[in-house]
C-alpha cells in the first residue's frame, strides 16, 4: 500500500506515468527499458560498521535512481532461482524486472537490465485499467504468478512466462469476507509455502490493516487442508506490507509503521508455519526492528531466496511513492541461524 501520508507526487508526475502507460499500450505493452543508477549502501545502522542484527547479517544495499518517473512505487518483489534476477509489481499498475549485480562475496553492487511493463487488467486494457491495478503482493507457484490487489480486493493469476503480455488467466477466492477488507488497507501480502512444509505448497494472504474485533489482521490460507481465515497478531502502530516463506515453512512478515511524531520504522517478524491454520491467531519472534537511525525508507516488499551454499537471503525493496522526499531502496540480509 502506498502510504498516502507520505505521498508528495505532483499532478505532472502522475500525468507522466499515465502517458507512459498509454504509449506502452499502443506499442502492445512492450517493456520500457532504462538504466538505473545505484549508490551502494555499505552500513545499515547509520554511523556504524556493525553487520549483525540479531539473527540477520546485513549484506548491503542500494539506493536507486533514474532519469525517468517510470522508476518508483515498487510494492513487492520475488527473486529468481539464480539469486540475481527479480520480478516485482508496482502499485501504479506495472511489472518491473531486472538483475542484481553482486561482488564475489555476494554484496549487491548495482542493478542491470531493468524494465517496467504495464499490467493488463481483466478487461484487457493497460491504460484506463491501470488505475484499478493497485498491485501490492506477488508470489510464484509453478507456472502461475499470484498477484494481490487492494481497492478491488482480489488475487489474480498471471502466467509466469511473460506475465506482461496477457490479461489474468484466473483468480483465487480470497475467503476473507469483502466487507472486512478496508479500501486502502487490504490484501498487502500473498505468499506460497514450500512443498513438504506445514502448509505444503498452500498460498496465504495477509491484509495490511483490516482488523477483526480483537484488533488483529485478517488473513487466509487460500487452499490445502488448512484452508480458511486466520488472524495475525497486530502490534500497533505496525502494519503488514509483505511476506514470504522460509525453506522450513515459517512465514517472514515485513511490517511498517509511520507517524508524524515517531517517523517511519520497519520490522521483520518470523511466524511458525505450523501455527498457521483456519481460525488461529498467530504471532512470532521479531527478528529486526529499525527506525530512521538505520538505512530504511517506506519498506514495502520482501523476498526470500536461497544462495548456492544454502544460506537464506532476505531481499527488501522500498516504495518511494514517486516523492522527492523518499528513496527507492534495496536491502539484503542473510539469515544466520
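Numbering (our numbering), first residue to last: 19 to 355. Here a beta-carbon is modelled for each residue, glycine too, at the ideal position from N, C-alpha and C. Quantities reported herein were computed from a predicted structural model and do not represent experimental measurements.
At which residue ranges does the stretch 105–137 contain complete beta strand (DSSP E) runs of 3 or more residues, listed in the order of the chain? 112–120 and 126–136
Cβ atoms of residue 320 and residue 286: under 9 Å apart, would you say? yes
Would you list, in sequence order, the uninterrupted beta strand (DSSP E) runs of no fewer than 3 residues that lie entirely inside the stretch 272–323? 281–289 and 303–308
Return the residue from the list 242, 67 and 271 that minimises the CA-CA distance to residue 206. 271
Flag this pair as yes or no: are the beta carbons of residue 190 and residue 163 separated by less than 9 Å? no
Beta-carbon separation (whole angstroms), residue 194 vs residue 238, contact threshold 8 Å: 5 Å
Nearest CA to the CA of residue 303: which residue from 273, 324 and 328? 273
Are residue 135 and residue 48 touching if we call contact CB-CB under 9 Å? yes
What three-state label does DSSP hand residue 6 in the structure shown? No answer is possible for residue 6: it lies beyond the span of the chain, which begins at 19 and ends at 355.
Reduced DSSP secondary structure (H/G/I, E/B, other) of residue 350: strand
Report yes if the C-beta distance between residue 96 and residue 138 is below 9 Å; otherwise report no. no
Take the Cβ of residue 51 as the centre, count every other Cβ of all protein chains shown within 10 Å, and call the residue buried at 16 or more, exposed below. exposed
With 16 other CB atoms within 10 Å as the buried threshold, where does residue 82 fall? buried
Identify which residue in 224, 322 and 86 has its Cα closest to the Cα of residue 166. 224
Along the chain, where does the beta strand (DSSP E) that runs through residue 55 open and close? 55–59
Assuming residue 306 and residue 71 make a contact with CB atoms under 8 Å, what is their CB distance in whole Å? 6 Å
With DSSP collapsed to three states, give me the class of residue 188. strand
Boundaries of the beta strand (DSSP E) in which residue 227 is found, first to last residue: 221–229
Pair within 9 Å by beta-carbon distance, residue 62 and residue 313: yes
Quick one: is residue 170 buried, meaning 16 or more other Cβ sit within 10 Å of its Cβ, or exposed? exposed
Length of the line joining the Cα atoms of residue 41 and residue 351: Low per-residue confidence applies at residue 41: pLDDT is 41, beneath 50, and the placement is therefore not dependable, though the value from the model is reported in the following sentence. Near 38 Å, if we compare the C-alpha coordinates of residue 351 and residue 41.
Integer-rounded CB distance, given that residue 244 should sit under 8 Å from residue 295: 4 Å
Per-residue DSSP class, three states only, for residue 68: coil
Considering only C-alpha positions, which residue in the set 293, 300, 235 and 291 is nearest to residue 258? 235
Cα separation between residue 353 and residue 187? 35 Å
Burial state of residue 226 (16 or more Cβ within 10 Å): buried
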